[in-house]
DNA sequence: CGACTCATTGACCAGACTCAACACCGGTGG
DNA sequence: CCACCGGTGTTGAGTCTGGTCAATGAGTCG
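Residue numbers (the working numbering), protein chains in the order written: chain A, 3 to 265; chain B, 3 to 265.
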C-alpha cells in the first residue's frame, strides 16, 4: 500500500507479471503466473521480513522450489474468500491487501492491512477454510506457497520452522495490540496509532516513514479502527490543523511523529 | 500488588495441592504425576482439545515425556509476566487464567480468558519474550511444555505439528473475532456474545452450557469487552429483567440462548 | 461531460462513560 | 459473636465522545 518508491523499483521480477496481464476476468483467476518456476526469494527485496528470513542460501532455494509461483490480483479483486478451502499461504510481493471478516449478522470488519513482505492466510490453517476475504487495495502480486509443502519443509528445515512459528505468533501479538486499541483508546488515539503503525512498517521496508500514500479508503480505516469514516476524516483534519501532519486525500505527510505518539 | 509465585514452586503433585483448597476445579482430581515424569496426557480429560488431540497413543506418550510436569498457580498469582523470557508453552489442566496486556501508557487490557484445555503463551514465540501477563483466576494447574522440545517433536510427529499449527491459527481467528466484536458491536451485543462464548466453551468441555460460575470480575469482563464494569453490570441486570438469564453475583444461568444470540 | 465513489464538514442526538452513593460478601480480628 | 474492612457489585444522574443523518465538494473513470 504505502510505497513511495516507484512500482518498478519494488516489483523487479514482478514487473513483467504485471506487464503481461490478461484481460480482466470477472473472478480472479487462480492459476500461477509462472507455473513451475521458482519464486526467486533470493532476489526479492522483502526476503528479510518474509518467510525466507534468516535462512541459508540453499534453504532459500528449497523454499523457492516449493513456491507454486506468483499470482496477480487486481485492485478490488479477492485473493480468497471466507469459506474457500485453505490450501496455500500467500506472501505479498508487491501491492497491498485488506482482510475482511463478515459476520452472519452485522457489518463487515476490516481485520488487517497487509503490505509487501507480509503473509496472508494464516487464519485458514485451523479448520482448513479461510475465515476472511482478502481484497487487493491496488494491483498486487503474491507468492503462493502450498501449505502441505510448507509443513513438510518445516519438518526438515529448523530455521524455517522457527520463522514460520514466529510469523504466526507475531500475528497473534499484532491482533492483541489491535484489540487493546479497540478496547480502550479514544478515536484520536486510534487514528494516531494507526498512522504511526503504517509509518513504522514503511520504515522497516526502507520507505519513507513520514510521507506515504494510503491505499485504503477512510471507510476501511474506520472499520479497522472501530470508528466511523466521518470520525477518521474529522480526526485527520484536526491533526492537520494542529500541524501534526499534512493530508491531501490519500497522500499523507507526518510532520510530528512525537506529538502523534503523545496522543 | 500481588505477591509473586516463587520460581521454585514447580509442581510435584498437583492433585494434593489442589485437594486441600480447591473450590471446584473443572478437572477431576487425577492421579498425581511423579516429579519430572510425564504429565499423563492419556488420562487427562482435556486431551481432545489440547495439544495431544488426534495423536496416536505412542505419540501422546512422547509428548508426555517432553512435558516438564505441572505447575500450580494460586489465585491472583502470575504464571508469567510481560517481558519474561519465553521458554515454555502452558496448557491449563485445571482452573482458569486471564491474560493482560499493559501498554506503556494507558489502561491495561484483558486480552483473553483461558480455561481447562486451553494453551497459553503462544504470543511469546515471536520474539522469545512474553507479551502479556497471565494471571490465575482461581487456584490452577498448568502443564509445562518446553518450547524447544515441542519444536523438535513437531519436526518428527506430523499430527502434532498439524495440531500445534491449528492451535496457533485458532488463536488468530479467535482474536480476529474479538476485534470484530470490539469494533462494531454495541455493549449489549458484546455481553451477549461473551456469555454465549463462555457457554460454548463449557459445552465443548462437557460442562453445563447454561449454568456456570464466572471466575473473573465485572471489571475483567468489561476490560475484555471494551466497556466499563458499570455497563457490564447494567447489561446483566437488564438481561435478567428480560428473562434472558438469572444472575447472582458470579453465578449465572442462561435461560434463553436463542434470545441472547438474537442480540 | 456525466456518473460514480470517496472525502469533508456541520447539526443533532444517543449510548456509553464518569462520578458517586450504597449494598453485599467473605475474611479477620477483637 | 459481632464489628469492621476491603474488594466487589449495583444503581442513579449528568456529561460528552463519537455516531447518525445530511449536504456539499473533490477526484476518477468510461
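Note that CB positions come from ideal geometry on N, CA and C, so glycine has one too.
What did DSSP end up calling residue i once you bin it into helix, strand or coil?
i, result
"residue 95 of chain A", "strand"
"residue 255 of chain B", "strand"
"residue 100 of chain A", "strand"
"residue 88 of chain A", "coil"
"residue 50 of chain B", "helix"
"residue 247 of chain A", "strand"
"residue 210 of chain B", "coil"
"residue 225 of chain B", "helix"
"residue 43 of chain B", "helix"
"residue 156 of chain B", "helix"
"residue 111 of chain A", "strand"
"residue 56 of chain A", "coil"
"residue 121 of chain A", "strand"
"residue 83 of chain A", "coil"
"residue 141 of chain A", "coil"
"residue 147 of chain B", "strand"
"residue 263 of chain B", "helix"
"residue 219 of chain B", "coil"
"residue 131 of chain A", "strand"
"residue 232 of chain A", "helix"
By how many angstroms is the C-alpha of residue j removed from the C-alpha of residue i?
i, j, result
"residue 148 of chain A", "residue 209 of chain B", "39 angstroms"
"residue 37 of chain A", "residue 164 of chain B", "Because the pLDDT of residue 37 of chain A is 42, which lies under 50, any placement of that residue in the model is unreliable, and the number read from its coordinates should be weighed accordingly. Cα to Cα, residue 37 of chain A sits roughly 27 angstroms from residue 164 of chain B."
"residue 211 of chain B", "residue 123 of chain B", "27 angstroms"
"residue 259 of chain B", "residue 247 of chain B", "9 angstroms"
"residue 100 of chain B", "residue 138 of chain B", "6 angstroms"
"residue 67 of chain B", "residue 156 of chain B", "14 angstroms"
"residue 23 of chain B", "residue 150 of chain A", "Here residue 23 of chain B scores only 34 on pLDDT, less than 50, and its place in the model is too uncertain to base an answer on."
"residue 206 of chain A", "residue 93 of chain B", "34 angstroms"
"residue 203 of chain A", "residue 65 of chain B", "38 angstroms"
"residue 112 of chain A", "residue 222 of chain A", "7 angstroms"
"residue 120 of chain A", "residue 250 of chain B", "47 angstroms"
"residue 245 of chain B", "residue 231 of chain A", "37 angstroms"
"residue 31 of chain A", "residue 71 of chain A", "With a pLDDT of 39 at residue 31 of chain A, under the threshold of 50, the modelled position of this residue cannot be trusted; read the value that follows with caution. Between residue 31 of chain A and residue 71 of chain A, the C-alpha separation is close to 14 angstroms."
"residue 83 of chain B", "residue 146 of chain B", "16 angstroms"
"residue 261 of chain B", "residue 215 of chain B", "20 angstroms"
Is there a C-beta anywhere in chain A that falls below 8 angstroms from the one on residue i?
i, result
"residue 105 of chain B", "yes"
"residue 180 of chain B", "yes"
"residue 5 of chain B", "Caution is warranted here: a pLDDT of 34 is assigned to residue 5 of chain B, below 50, making its placement in the model unreliable, and the coordinate value is therefore given only provisionally. No, residue 5 of chain B does not count as interfacial toward chain A."
"residue 235 of chain B", "no"
"residue 188 of chain B", "no"
"residue 100 of chain B", "no"
"residue 198 of chain B", "no"
"residue 228 of chain B", "yes"
"residue 175 of chain B", "yes"
"residue 109 of chain B", "yes"
"residue 137 of chain B", "no"
"residue 28 of chain B", "Residue placement at residue 28 of chain B is flagged as unreliable, the pLDDT there being 38, under the threshold of 50; the coordinate-derived value follows with that caveat. No, its Cβ sits nowhere closer than 8 angstroms to a Cβ of chain A."
"residue 132 of chain B", "no"
"residue 150 of chain B", "no"
What residue range is occupied by the uninterrupted alpha helix (DSSP H) comprising residue i?
i, result
"residue 181 of chain B", "160-186"
"residue 73 of chain A", "Residue 73 of chain A -> not in any alpha helix (DSSP H); beta strand (DSSP E) instead, spanning 71-75."
Starting from the Cα of residue i, find the closest Cα among the options and give me that residue.
i, options, result
"residue 96 of chain A", "A/181, A/158, A/143 and A/191", "A/143"
"residue 167 of chain B", "B/90, B/152, B/204 and B/228", "B/152"
"residue 133 of chain B", "B/183, B/114 and B/146", "B/114"
"residue 229 of chain B", "A/126, A/207 and A/186", "A/186"
"residue 128 of chain A", "B/161, B/111 and B/141", "B/161"
"residue 189 of chain B", "B/224, B/179, B/43 and B/62", "B/224"
"residue 77 of chain A", "A/98, A/59, A/88 and A/145", "A/98"
"residue 201 of chain A", "A/255, A/62 and A/69", "A/255"
"residue 136 of chain B", "B/109, B/117 and B/102", "B/102"
"residue 117 of chain A", "A/51, A/243 and A/227", "A/51"
"residue 1 of chain A", "A/107, A/241, A/257 and A/85", "Not covered by the structure: residue 1 of chain A. The range shown for chain A is 3 to 265."
Spell out whether any CB of chain B is found under 8 angstroms from the CB atom of residue i.
i, result
"residue 240 of chain A", "no"
"residue 124 of chain A", "yes"
"residue 163 of chain A", "yes"
"residue 52 of chain A", "no"
"residue 185 of chain A", "yes"
"residue 232 of chain A", "no"
"residue 201 of chain A", "no"
"residue 157 of chain A", "yes"
"residue 171 of chain A", "yes"
"residue 56 of chain A", "no"
Since residue i is in the beta strand (DSSP E), which residue starts that stretch and which ends it?
i, result
"residue 60 of chain A", "Where residue 60 of chain A is concerned, there is no enclosing beta strand (DSSP E), although the alpha helix (DSSP H) it sits in stretches over 59-68."
Taking 7 angstroms as the cut-off, is the CB of residue i close to at least one heavy atom of the ligand NAP?
i, result
"residue 193 of chain A", "Looking for the ligand NAP in the displayed structure turns up nothing, as the structure carries no ligands at all."
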